[in-house]
Every structure is written in structure tokens, then in C-alpha cells.
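Protein chains in written order, with our numbering: chain A, 1118 to 1452; chain B, 8 to 657. Note that beta-carbon positions come from the ideal geometry of N, C-alpha and C, so glycine has one too. Report on the following structure.
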Amino acid sequence: MRRGSLFQLILIGVLIGAAVSAVALLIPWLPPSASVERGRIDIVFWIVTAICIGIFAIVFAVSIFSYMRFRARPDDDSDGPPIHGHTGLEIAWTAVPTVLVVVIAVASAVALAKNDHIPADHMTVEVTGQQFAWSFKYPAGGDVTTTELRLPLNKSTELKLHALDVIHSFWVPQFGQKQDAVPGITTHLKITPDKVGRFPVICTELCGLGHALMRSWAIVMKPADFQKWLKQAKKGISGPGAGLAVFNNNGCGGCHTFKPASSKGTVGPDLDDLSASAKKAGQPLEEFVRDSIVDPNAYVAPGYPPNVMPKTFGSLPKSQLDALVQYLVTGGKQS
Amino acid sequence: MEIAHVDVAERYDLDGPPPASGWKLLTRPGWIRAAWMTALFFGLGFGLVVLFRWWGNWQPIVDWQPIIVVALLTTAPIGFLAGLGAFDYWIYWALGKATRPEDHSGHGARSWKDYFRINTDHKVIGVQYVTTTIFFFLIAGLLAMIMRAELAQPGMQFVDNQSFNGLFSVHASLMIFLFVIPAFAGLANYVIPLMIGAPDMAFPRLNALSFWLLPIAGFMMLSSFLVPGGAFAAGWTNYTTLSIHQPLGNVFFSMGVQWAGASSIMTALNFLVTIITMRAPGMTFWRMPLLVWANFTTSLLVVIATPFIAGSQFFVMFDRVMHTHFFDPSAGGYVLGYQHIFWFYSHPAVYIMMLPGFGIASEVISVMARKPIFGYRLMALSLMAILILGFSVWAHHMFVSGMASWLRVPMMITTLLIAIPTGIKVFSWLATLWDGRINFSTPMLWALGFVSMFVIGGLSGIYLGAVPIDIHVSDTYFVVAHIHYVLLGGSLFTIFAGIYYWFPKMTGRMYNERLGKLHFWLTFIGFNATFFPMHWLGLHGMPRRVADYAPRFGDLNFVISIASFFLGASFLVFVYNMIVSWARGPVAEGNPWRALTLEWQVSSPPPVFNFDEIPQVVGAPYEYGVVGARHAVFNGDRARVEAGDLEKVH
């Protein structure tokens, strides 16, 4: 190979490498990071990207150079030189990728081990997925249950994931961590948030017709704010006003109108005239309200489709469920 | 070389039995008998289910789910096949009746009607396969167009959620089981016996049966749109426990896969026996073209792996129909067990969908660059390496599934190791181009397009192989982008390379080169514009398999949808080119590409029994540039070689 050709080839390679690097660096390929774990994932991402840019540049430089240089002229019926192989080259392109693969594997294994390690000083949240909603239970807060996840900043939290019907998958892109919730087993995920903010929780495992709507929020708070919230939430669900607290924690007002809670949702039936509905369903009021929360499809109010209300509320701890039922049955008068 | 033209109809009795009349019209093999036998067998299945339910006193006695599984999806197709005549010879033989003497009437096609019959000629079957798979490819593509229309804007516009889930499930199932896998099987069916110098496949009647299972599987999957509750909608992965809770359409997937899988296994066995036992004299394993090597390894993958998906779908269906608890956690079933069994097939299936394409790329690149394949033996050995490693990586689809966490690192290592044999292949193709005389014909454009797009798909595969990154992007549009770079940029491009490359051999006519190139460039541009932006969507938080998404992804999805319509329209050029060229294209020479492999040493299309003289293989298949090198000589040639007269012949 002549020196001029080699120079051309290298020039093409450098140009392609520069162009691809620009694409990699100028476009924001990753969403903002909000957890220590995402930080480690990003490091592996950039190691892999650097290696890929190198491979891409070599492959496309050789291809484009060959297309330009070795194009057959229309009247050229000759054959190329009968080169059958080159042992040195073949060893090189077996050995070099092996080394690169080892680099990626080691970096990945280290990041994975660190992302999996749960320190002794951690908080636990029980996560339950059900068609088509998430619920979060805080053992440290007297099992207070919410539909949005709240996490303290800079503290490792272990999520214990459960699924009640089909497989769901918990993902927050800014945390980079994802884990399926599988019926019959408990799965685990560690998150250490390092930014205060509100981030989307997305179900990523196809779970039926409402899969696209199975969304929630993860809210990262300063540790002091979180403790204050947790304390209030814990107090809220035990003392007077427990019903209202459970109503708000579980986002009931998002879909239902209920004047005592000043909620104006219209997705589900109005909760201000529950006794009329109970009559239509032919059930005693308290039994009707409890059944409707635990098993929403048992009786569906006329004019509303079935399968819209999540069945997750069946997993509310008994004391909270009792408080909620009392709150609704008494028309907002607290027990 | 002048090709001896023998009037085959004269040499063998190819006219077949005389035309039938009266009752014979109803009882001779064909579509009329298929129609009433389908109905009869449906009735038998129906009766069987009702009888058993009545006997066991199971209420209701007429239960449509088991009736559909048994009568519509199992016995009726058997009746259809029996009516067409797929089993005639075997049944006569099994009953001890005189089998009809082989009059060779099942060979060759003299009119278009012969393509709609049981035909035992591997060349007819090859054409049947390719046209059938293109038909399902176009339908599956249309389903994708409907999905992209829905996804052009956030919110719901054209279809509801369940229909959308059905659309992508049927799209993927048709593309995988009715297009990519059988399209490769069809091309190989046509080419492999010719390439190894054999008159046909080892088991021609089994070959005919394997083809006719395919349309059954395809129409089964498509017809699921018509049943109450809509098409199967749990994805082509059909994960439990979702699939168990889905409407009736789900069993159409479980059973469709059985028919397509049976077809795959039969064809693969046929390829293995053909390749092992029917090579021409002198065709050692190290003289086989790489396409033959590729289909040899693919067939090994198919026969070992396919029973696993059959099992996984049977278990799911039993959980639904027979109330077993294989995957029901409330009764001790194990949900992740399904995924392990499923991916134990479906990862090797990725290589079932790639390796034949590697073979096609090797054929085309060597011929069009006028150079021997660089590192032929390492190319063949890397196929074997992929075969073996391919069975040790299945759980990389399950990094976030909740399986035993220690399993992730070993699976990551084997996954990344596959990059090495794959890299060897890519570098060897590039080295084959080096210093060649590259002819940028349509097949070559597709083959080179495949190499470059497959490199991008391979690189995004490294991201997915690295566990921490996979945890972030698993089940997002990043995965959608990756599989389409691998299966569209990889498999589809090589299928087109193969179709254009062997079109003159199969039809005896030449396709239109300008339209072929136009088709390539439209598809190439549309493909990249559609799928490259999906990487970004996935990294930023758009999950796959959703009809609705966050409004901030709206603009990019709109662009992707427009690009996908452009991509879809590009195949109209292909369809036009194929139909017009097949009907009216210029007559093709026997060897328009000046190739050395055996299929090009006979006329286009080849004689009914491929070779009028058995070829004698004397050298490697890709000796371009080697003065006086021959891959094979024919008997007539040999006499002339001995007489020192060969140069005059060529």
C-alpha cells in the first residue's frame, strides 16, 4: 500500500471519528442524572461510547475508502488479487476486540456490584404494581401508603417490589435504575437520589391495555423535609383526620369529586352521594364502600367503564383502609 | 460454456395423471378436496371436544376456547393439508396400499397453478416460500404503518390501547415467524441443492409439507384480529402472567407458533441431511460455499432450539385452556420459568435470523468484489463459534427480570464474547473488498448496506450487553432501535441482497437494475431516518409498546412517523420491479455475475433435476483472480480437461 493511500485512509478515519464524536457530544443523549447509580451507569455508557466511536471510525473509513478506490470501471472484467487471508491481521482483529470486551465487562461488573450493594444504613420502601398503578408503602412511617414515591436526598433506599397480577417494571430515567415487579416473588432495587426534584415513574413491562398510562412520580426531598413529611404522614393516618390523610396520600381526589376533601376529579363517580349508589348496588353503605375500594369491578357505577380504577388499594394496611372507609361513609366527618 | 438443454418432459413423464371428472374431482388431491376436508376435520375436532366434555360432565359442554384450540387451530389445518395431498404418499404406504410410482409429476412448474399445489421440486418450493414470505412481509409492514400513524402524535387518535397492543404483537410475530426465518429458508431451499450439486433436497415430500405449514401459521396469526377481544396483544414474547389473562386471540399466537416452528424444524432437518449426505463428489466441507456453511449452522440452531418455544407456548396455552399452573404463582407456578424457556429459543432465534444473511453477504461480496473471501476457514469457524456461544446468552434479555442476580455477569461476558466472531466476519468482509474490483450492482448495494447497518446494530448491542446500561435502556425505544438495526438493517437487507442476486436464476429473467438501486437508496434513507432517532427516545425515557407517550416526545415521533411512511412506500418500487421483471424482464444468462459457485453453472432457470451431469468439485468456491482455478467440472468438461482442450471452452 502506498504512503499516499495510507494517509488518505487515516484522514477519512479521523474525519469520521470527529464527526461521530461531535454527534455523541453535542446531542444530549442522556437525560439529566439524579442518582448516584445513574452516575456510574453514565461512566460505563461513555466508556462504551468511546470504544464504539473507534470501531465505527475504522469500519466506515475502510468501507468508504474501498468504495471510492476499488470501484470497478464499467469495462473492467478483471478480478482482484487472490488474497486468501493474512494470519497477522486475523490474529489482530480477534485479539484487539477481546481486550476491548474485557474492558467493558470489568467496568460493567464493577458498576453493577456498586449499584447493587445496599449499605446497612438504608431506608426501605415496599412497591406494589398492579394494573395499572403503583403504590408505595413506608415501613419507617408506620406503613403509610402513597401513590407517589417520596425519597430523601443522598440516602440509599431499597425498593422491595411486588406485583399482584402481571409483570410490571419500575423505571425512573433520571435514576437509571429499573426492575421488574414479578407476581409470586419479591425483587429488589437500590436508589440513592442526589438531586432534589420530581421525576417520572414509568412502567416499562407490557402489562395490558392500560400499560401506557401506568405512570407516577418520584419526589426527592431534602432529608429534613422528608422526615417532616413522613412524621406528618404517619401521624395523619393514626390520629383524627386519618381518613383525609389516606384519601390524599392515595390520590383519590385525582379521579373523584368529594367536597369534604375539596377534590374535583371527574374520571370516577362523585363520592358525595355514596348512599344513593349503595342503594343502587343493593348493599349496606359501609360494605359497599369497602368492596368498591378493594375490588372496584364488583360493582361498576352506571356510565363508568370497568377496569379503570386500580385494584392496588386492596393492599392498603387494614387501619388505613378502615380510616378511609369511615371517612367516606360519614361524609367527611372524622372518627 | 454451452448449456445442454434437455427436454425434461420428454425424458420423464411430467404430464401427471389425466384430468379428472365426476367424483374424482372431489377426491383427487387439490383445493376442492382441501375445502371439504378442512370442514370435515373441524367437525371431527368439534365432536371430540364436545364428546369429552359430555363424558366428563364438564359444563358448559360447548366451550368455545377448547373448541377453537382443538378444532380450528389443530384438526382443521391437518384436514387442509390432507386435502391438498401433503400426506397421500405416506398414508398409502402406511396402509400397505400400492404407492403411486414416482412419475416426477411433482417436479417443475409449468403454469402458475403449479405453485398452488403440493410440489416436491425444491426450486418450486423455494419460489413458493419467497413469494409467501414477501406477502406476509407487506402485511406486517402495513400493520407497522398503522402503529406509526397512531404514534405520530401523543394521545390516542386512530386505535384503542388493546388494538395497538395487538398491532405490534402481530407485526413482530409475522415479521419473525412468517418473514425473516422462512424467507431465508426459502432462498436456501432454492439455492442449497444447486450449490452442493444435488438434484433436490433429501426429503422432497417433507419439504413440500414444511412449506404448506407456513401459510397456515400466517393466516392463523392474522385471523386473530377477527376473534372477540381482538388479536393476541401480549407482544411476540407473550410473557406470562399477562398472556394467561388475555382474550381468546392469545391462543392464535400459541398455536401459530407451533405450525411455524414445525415448519422450521422440518426444513432444518432436511437441510442438515441434504448438506451432510448429498454433496457432489469432491465437495468437502472446506469447499462448501459460505451460504451452505451458514445454513448448516442455522439448521443446527433450529433443530436444537425451536422445541423450547414450542414448549413454552404449549405451557402457556395449557395454563389458559386446561387450567394447569405452570406459571401461576398462586398455585406454586414460576413466572420467570417462562422467560427462561422462551429466551432459550428466542435468543438463538436471533442467530437463526442472522447467520443465513451472513452467508448471502459472503456470496455477494466475494462475487461482486471479484476476490476470494478473506479468511474463508475463520469465516466458517466463526459461524460455529456463534452457534455455540448463542446458546449461552439467553438471560441477557432478563437483566431486569428479577432472576438470580449472579447470573447477570456470566451472561454479560458470553454476550460480549459474541462480538469477537461477529467482528471477525465484519473485518473479513472489509478485507475482501480491499483491492477488489467492486461492482455496485443492486445485490452488492444491499450486501454493503447490510455490513454498515449491522455494524451500527452490533455496536448498540454492546450497550445492551453491558448490564448497567441495559438496566437503564431495557424495554425502551433504544431496544426498538437496536432490534430494527439488526433485523431490518441486517436480515432484511441480506434477504433483498439474496432476492436480487438469485432473481435471474429463479425466474430466468433480469430485474431492472435502476429500479433495484432506487429501491435500495429509498429503503436505506427511510430506514435510518425512522430508526436512528429511536435511540434518543429510549435513552430519554420513552418505553416501548405504548400507544401514548409524554408530549415532549411528540415532535420527534412525528418525524419518525413521516420517515416510516417513506420507508414503507419504498417497497412499492420493489414489488413493481419484481412483478414487471418476472413477467417481461430481459431473458437472463446462465451466469450473469460470472460467479464460480455451482448454481451459476447451469441454465437460468435450472433444468428440472438441476444437473444433467453430476458435477465434480475440484476446488474452493471463491477462487476469483486465481488463474485457471475451477470450483467444479462437469463430466463432459473432464473429458476435455484430459484432452487439454479446456481453454477453448471458456
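Following the DSSP letters along the chain, one finds residue 156/B in no beta strand (DSSP E) but inside the alpha helix (DSSP H) bounded by residues 129-158. In this structure, 501/B is the residue among 501/B, 389/B, 482/B, 314/B with its C-alpha nearest to the C-alpha of residue 370/B.
By the Cβ-count criterion, residue 107/B is exposed, with fewer than 16 other Cβ atoms from all chains shown falling within 10 Å of its own Cβ. The straight-line gap separating the alpha-carbon atoms of residue 140/B and residue 95/B is approximately 26 Å. Contact check for residue 523/B against residue 507/B passes: the beta carbons are separated by less than 8 Å. When Cβ pairs closer than 8 Å are counted between the two stretches, the region 1144-1155 of chain A is seen to touch the region 1285-1294 of chain A, the count reaching three or more. Under the three-state reduction of DSSP, residue 120/B is assigned to helix. The C-beta distance from residue 215/B to residue 285/B rounds to 17 Å, too long to meet the 8 Å contact threshold. Distance from residue 1290/A to residue 1148/A at the Cβ level is roughly 5 Å; contact confirmed, criterion being Cβ atoms closer than 8 Å. Taking 8 Å as the threshold, the shortest C-beta distance from residue 1329/A to chain B falls below it.
Chain-ordered, the chain B residues with CB closer than 7 Å to the CB of residue 1226/A read 416.
Within 10 angstroms of the beta-carbon of residue 394/B lie 16 or more other beta-carbons, which makes it buried. Looking at 1311/A, 1324/A, 1441/A, the one whose alpha-carbon comes closest to that of residue 1355/A is 1441/A. Remark: C-beta atoms of residue 1429/A and residue 1247/A approach each other more closely than 8 Å. Chain-ordered, the chain A residues with CB closer than 8 Å to the CB of residue 342/B read 1284, 1299, 1300, 1301, 1302. Under the three-state reduction of DSSP, residue 1320/A is assigned to strand. Taking all protein chains shown into account, residue 630/B has 16 or more neighbouring C-beta atoms within 10 Å of its C-beta and is therefore buried. Per DSSP, the continuous alpha helix (DSSP H) segment holding residue 169/B begins and ends at 168-180. Between residue 327/B and residue 245/B, the C-beta gap is not smaller than 8 Å, which leaves the two residues out of contact.
Taking a contact to require three or more Cβ pairs closer than 8 Å, the region 149-159 of chain B and the region 564-583 of chain B qualify as touching. Closer than 8 Å to the CB of residue 364/B there is not a single CB belonging to chain A. Contact annotation: in the region 1415-1426 of chain A, no residue has its CB less than 9 Å from a CB in chain B. Put simply, the CB of residue 164/B is far from chain A, with every gap to its CB atoms at 8 Å or more.
In this structure, residue 186/B places its C-beta atom within 8 Å of the C-beta atom of residue 147/B.
DSSP places residue 1314/A in the strand class (E or B) of the three-state scheme. For the region 440-469 of chain B, residues whose beta-carbon sits nearer than 8 Å to a beta-carbon of chain A comprise 440, 441, 442, 443, 444, 445, 446, 447, 455, 458, 459, 462, 463, 466, 469.
The region 364-402 of chain B is shown to contain whole alpha helix (DSSP H) runs of 4 or more residues at 383-397, in chain order. Nearest Cα to residue 1250/A within the set 1230/A, 1282/A, 1207/A: 1282/A. Shown here for residue 408/B: same chain residues with a beta carbon closer than 7 Å to its own, the five before and five after excluded, namely 343, 346 in chain order.
Among the CB atoms of chain A, one or more fall inside 8 Å of the CB of residue 476/B. Residue contact check for residue 1319/A against chain B: a CB pair falls below 8 Å. Using a Cβ-Cβ cut-off of 7 Å, residue 382/B is close to 1202, 1207 of chain A, given in chain order.
If the five residues before and after residue 289/B are omitted, its C-beta is found closer than 8 Å to the C-beta atoms of 623, 624, 625, 639, all from its own chain and listed in chain order.
Apart from sequence neighbours up to five positions away, the residues of its chain that approach residue 173/B with a beta-carbon distance below 6 Å are 237, 238, 240, ordered along the chain. At a beta-carbon threshold of 8 Å, none of the residues of chain A lie near residue 29/B; the nearest stands roughly 55 Å away.
In terms of beta-carbon proximity, residue 1325/A lines the interface with chain B, with at least one pair separated by less than 8 Å.
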